[in-house]
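There are 2 protein chains.
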Amino acid sequence: VGRALARLLADRQDLLRNRYGLSPKLRAIFRSTGGLMVRSPATVEGLILGEALPARKAALWDPKIMLPAALKLDRPGVFVDCTPGNIRTGQPGLDQMRLALGRGWHVVTANKGPLVVGYRELRRAAAGRGLGLRFSAAAGAALPALDVGLRSLAGTRITAIEGILNGTTNYILTRLGQGATFGGALKEAQDKGIAEPDPTLDLEGWDTAVKLLLIANAVMGLELKLEDIDVEPMSGVSPRALAFARKNGRALKFLGRIGPGRGGVTADVRVRAVASSHPLFGVDGTNKGVTFVTDTMGSVTVTGGRSDPRGAAAALLKDIIDIYRN
Amino acid sequence: VGRALARLLADRQDLLRNRYGLSPKLRAIFRSTGGLMVRSPATVEGLILGEALPARKAALWDPKIMLPAALKLDRPGVFVDCTPGNIRTGQPGLDQMRLALGRGWHVVTANKGPLVVGYRELRRAAAGRGLGLRFSAAAGAALPALDVGLRSLAGTRITAIEGILNGTTNYILTRLGQGATFGGALKEAQDKGIAEPDPTLDLEGWDTAVKLLLIANAVMGLELKLEDIDVEPMSGVSPRALAFARKNGRALKFLGRIGPGRGGVTADVRVRAVASSHPLFGVDGTNKGVTFVTDTMGSVTVTGGRSDPRGAAAALLKDIIDIYRN
Numbered sequence: 030v031g032r033a034l035a036r037l038l039a040d041r042q043d044l045l046r047n048r049y050g051l052s053p054k055l056r057a058i059f060r061s062t063g064g065l066m067v068r069s070p071a072t073v074e075g076l077i078l079g080e081a082l083p084a085r086k087a088a089l090w091d092p093k094i095m096l097p098a099a100l101k102l103d104r105p106g107v108f109v110d111c112t113p114g115n116i117r118t119g120q121p122g123l124d125q126m127r128l129a130l131g132r133g134w135h136v137v138t139a140n141k142g143p144l145v146v147g148y149r150e151l152r153r154a155a156a157g158r159g160l161g162l163r164f165s166a167a168a169g170a171a172l173p174a175l176d177v178g179l180r181s182l183a184g185t186r187i188t189a190i191e192g193i194l195n196g197t198t199n200y201i202l203t204r205l206g207q208g209a210t211f212g213g214a215l216k217e218a219q220d221k222g223i224a225e226p227d228p229t230l231d232l233e234g235w236d237t238a239v240k241l242l243l244i245a246n247a248v249m250g251l252e253l254k255l256e257d258i259d260v261e262p263m264s265g266v267s268p269r270a271l272a273f274a275r276k277n278g279r280a281l282k283f284l285g286r287i288g289p290g291r292g293g294v295t296a297d298v299r300v301r302a303v304a305s306s307h308p309l310f311g312v313d314g315t316n317k318g319v320t321f322v323t324d325t326m327g328s329v330t331v332t333g334g335r336s337d338p339r340g341a342a343a344a345l346l347k348d349i350i351d352i353y354r355n
Numbered sequence: 030v031g032r033a034l035a036r037l038l039a040d041r042q043d044l045l046r047n048r049y050g051l052s053p054k055l056r057a058i059f060r061s062t063g064g065l066m067v068r069s070p071a072t073v074e075g076l077i078l079g080e081a082l083p084a085r086k087a088a089l090w091d092p093k094i095m096l097p098a099a100l101k102l103d104r105p106g107v108f109v110d111c112t113p114g115n116i117r118t119g120q121p122g123l124d125q126m127r128l129a130l131g132r133g134w135h136v137v138t139a140n141k142g143p144l145v146v147g148y149r150e151l152r153r154a155a156a157g158r159g160l161g162l163r164f165s166a167a168a169g170a171a172l173p174a175l176d177v178g179l180r181s182l183a184g185t186r187i188t189a190i191e192g193i194l195n196g197t198t199n200y201i202l203t204r205l206g207q208g209a210t211f212g213g214a215l216k217e218a219q220d221k222g223i224a225e226p227d228p229t230l231d232l233e234g235w236d237t238a239v240k241l242l243l244i245a246n247a248v249m250g251l252e253l254k255l256e257d258i259d260v261e262p263m264s265g266v267s268p269r270a271l272a273f274a275r276k277n278g279r280a281l282k283f284l285g286r287i288g289p290g291r292g293g294v295t296a297d298v299r300v301r302a303v304a305s306s307h308p309l310f311g312v313d314g315t316n317k318g319v320t321f322v323t324d325t326m327g328s329v330t331v332t333g334g335r336s337d338p339r340g341a342a343a344a345l346l347k348d349i350i351d352i353y354r355n
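Each protein sequence line maps, in turn, to chains A and B.
Heads up, the first sequence is in my numbering, so the first residue is 30 and it goes up one at a time.
Heads up, the second sequence is in my numbering, so the first residue is 30 and it goes up one at a time.
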């Protein structure tokens with residue numbers, strides 16, 4: 030995702046300048062093995078082409094270049110986090126985001142862990158300093174779930190959210206509906222690069238639960254924790270449920286839902302059979318979608334959005350543009 | 030729509046203050062027969078309840094209170110236009126918007142006419158003074174077409190737009206698909222208050238064409254005029270087309286489309302048979318929906334949104350919030 034973003038920034042200089050008056054420059058890049066201070070477009074080119082030129086790439090990375098030093102650069106900008114984060118501890122991204130916000134940097138992130146653990150704290154830190162904290166890329170990426178929930182539905186009361194938030198499991202369910210076996214559909218998804226080699230987090234529903242939590246906490250102003258969401262693994266779907274759904278013109282969807290419940294709200298993730306009138310009925314394959322139910326605007330659904338590194342990078346870029354537009 | 034907005038502003042004072050730090054106040058209200066300077070919440074109450082209390086209402090309206098004077102009020106705020114506008118001349122809204130922007134007022138509007146005729150001029154006038162010009166309520170209302178196109182897809186290149194943008198015609202097509210006759214479905218829509226007594230603009234496709242134009246000009250940066258859109262009335266749909274669609278598992282939709290064409294872009298409005306894999310296939314009844322095709326984010330679709338005066342008022346309120354949030 031980081032490489033896709035670097036490429037996008039290089040490709041879109043003209044569009045960004047003409048349309049938004051922006052000329053973003055990469056200043057430094059980090060990965061687990063070191064950092065790289067970017068001094069020229071040629072360096073960026075080197076980084077982007079790096080994969081094909083290992084010798085040149087290796088020479089560019091310096092293990093002594095660290096994030097804290099880079100954040101002291103003359104003028105703060107945007108800290109973009111594309112690292113994978115632990116959803117129990119939020120680390121290492123959580124500390125990095127604290128550091129960046131503390132030093133006056135905006136934060137744009139594709140990293141879910143720090144937000145699951147520390148969203149409220151990070152949001153306060155950002156708001157207190159007038160900084161942006163944007164995480165479209167962590168909550169649906171090119172599917173604009175947060176934009177719709179936070180901006181398009183501003184002024185409404187959102188009473189429920191329902192979403193197909195994971196491409197791997199939706200792909201498998203779509204294939205099951207077409208007659209494939211679970212094992213066959215999973216292998217197919219792995220062969221196509223849709224499912225990870227270890228798809229546990231997807232199949233057990235945690236990826237869906239995490240995205241539901243991020244979206245609900247942001248747009249409904251809740252303070253949900255992962256343990257507040259009742260998660261039933263997708264692998265529990267029975268051939269009988271499948272046959273029943275098909276016979277009744279319904280489709281099985283692995284839905285994350287939050288809505289009114291005992292003592293406030295109830296949130297769960299499970300396979301449900303939805304009727305053809307349901308707004309997410311037609312969301313097939315690796316597509317995602319989310320429905321918001323409101324008091325004054327009725328129900329609004331957004332679907333689609335490319336679900337690959339380029340789509341995630343485009344979501345990061347969108348968040349960067351939005352910070353500077355405001 | 031104006032009355033629904035006044036009611037919403039009165040109802041939502043707490044929510045607006047707590048969530049957005051806003052305390053909007055109605056200052057003056059106009060209609061064709063005069064104006065009303067709002068001095069207290071009781072006046073607003075009087076206005077809102079007005080319909081049920083004609084004597085009281087009549088006493089409140091003063092034919093000598095005019096817009097130009099009101100716009101000289103001490104501090105500029107937001108001018109909200111809910112009047113119907115002529116799509117050929119843009120008047121009277123166009124002159125009112127020019128006046129409001131010229132005096133430093135933001136403009137939020139549900140009025141299509143002025144935007145069809147003078148969008149580029151109004152946009153420049155607003156941008157030159159750092160003012161907001163928002164028209165969600167004129168381009169889909171509670172369906173967040175502009176938000177998604179302008180914000181969620183920022184940084185992408187939008188190559189095509191396709192939309193079901195008119196509730197009346199979509200309702201009629203849905204009912205035709207269920208076996209109703211054209212005359213029967215139209216009468217039903219009129220009886221339910223969905224279709225206007227004179228539904229010509231809807232049936233002939235002009236309402237769809239206007240919304241397509243507003244959305245495309247804003248999000249694709251075009252300068253389309255109404256005559257650039259090839260419009261084929263919905264009433265031309267044949268029983269044969271209907272039978273063919275049904276036999277092939279397709280649905281007839283009255284689509285506004287803009288995409289690559291000879292010498293740039295082609296735009297049209299006509300009934301098309303869409304397959305079940307089409308993202309707007311399931312958009313039935315009075316629902317609306319729009320799909321954007323982009324280079325980096327794939328295809329993103331938004332559907333739904335209440336299509337009544339309250340939904341339109343909620344869209345106006347959303348735009349007001351957004352102006353002050355930025």
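Positions of the beta carbon are idealized from the N, C-alpha and C atoms, including for glycine.
Counting along the chain, I258(B) sits inside the beta strand (DSSP E) bounded by residues 258-260.
When DSSP assignments are scanned along the stretch 246-331 of chain B, the uninterrupted stretches of alpha helix (DSSP H) that are 4 or more residues long and fall wholly within it turn out to be 268-276. Residue contact with chain A for I193(B): absent (no Cβ-Cβ distance below 8 angstroms to any residue of chain A). About 6 angstroms separates the CB atoms of L255(B) and V145(B); that is less than 8 angstroms, so the two are in contact.
The beta carbon of R339(B) sits closer than 8 angstroms to some beta carbon of chain A. Taking 8 angstroms as the cut-off, the Cβ atoms of L51(B) and I350(B) count as close. For the stretch 192-217 of chain B, no residue has a beta-carbon sitting nearer than 8 angstroms to a beta-carbon of chain A. If you check each beta-carbon in the stretch 256-290 of chain A against every beta-carbon of chain B, none falls closer than 9 angstroms.
Under the rule that a run must span 4 or more residues, the alpha helix (DSSP H) segments found entirely inside the stretch 212-243 of chain B read 229-232. No Cβ of chain B is located within less than 8 angstroms of the beta carbon of L34(A). Chain order gives the chain B residues near I350(A) as A183, G184, where near means a beta carbon separation below 8 angstroms.
Straight-line spacing of the CA atoms in Y148(A) and T112(A) works out to 16 angstroms. Residue contact check for K347(B) against chain A: a CB pair falls below 8 angstroms. The alpha carbon of R48(A) has as its nearest neighbour, out of V107(B), R186(B), L76(B), the alpha carbon of R186(B). Taking a C-beta distance under 8 angstroms as the contact criterion, N140(B) and G106(B) do not qualify as a contact pair. Shown here, L182(A) sits in coil according to DSSP, grouped into three states, outside any helix or strand. Per DSSP, the beta bridge partners of L162(A) are V136(A).
Judged by beta-carbon spacing, A270(A) lies within the 8 angstroms limit of A302(A), meaning their Cβ atoms are closer than that value.
Residue pairing for I349(A): DSSP places it in no beta bridge. Taking all protein chains in view, the Cβ of T315(B) is crowded by 16 or more other Cβ atoms within 10 Å, so the residue is classified as buried. Relative to E225(A), the option among A168(A), D337(A), R60(A), A344(A) whose CA is nearest is D337(A).
Shown here, R41(B) sits in coil according to DSSP, grouped into three states, outside any helix or strand.
Every alpha helix (DSSP H) of 4 residues or more that sits fully in the stretch 93-126 of chain A is shown, in chain order, as 96-99.
For P308(A), the residues of chain B that pass the 9 angstroms Cβ criterion are G311, V312, N316, T332, G333, in the order they occur in the chain. Neighbours of M326(A) in chain B, taken as residues whose beta carbon is under 7 angstroms from its own, are A171, G334, R335, G340, A343 in chain order. Cβ-Cβ distances below 6 angstroms link F164(A) to T138, L144 in the same chain, with the five nearest sequence neighbours on each side left out; the list follows chain order. One finds G311 in chain B with Cβ atoms closer than 8 angstroms to the Cβ of S305(A), taken in chain order.
Taking C-beta atoms under 8 angstroms as the contact rule, G340(B) and R275(B) fail to qualify, at a distance of about 31 angstroms. In this structure, DSSP gives A343(B) a helical state, which the three-state scheme calls helix. For the stretch 37-58 of chain A, the set of residues with a beta-carbon nearer than 8 angstroms to any beta-carbon of chain B comprises L37, R41, L44, L45, R48, Y49, in chain order. Here the alpha carbons of A168(A) and G142(A) stand approximately 11 angstroms from one another.
Bridge partners of G64(B) according to DSSP: F59(B), D91(B). By the 16-neighbour rule on beta-carbons within 10 angstroms, T203(A) is buried. Membership of G192(A) in the beta strand (DSSP E) is indicated by the continuous run 187-193.
Under the DSSP assignment, T197(B) falls in the alpha helix (DSSP H) whose first and last residues are 196-206. Taking the CA atoms as reference points, L65(B) sits about 46 angstroms from P308(B).
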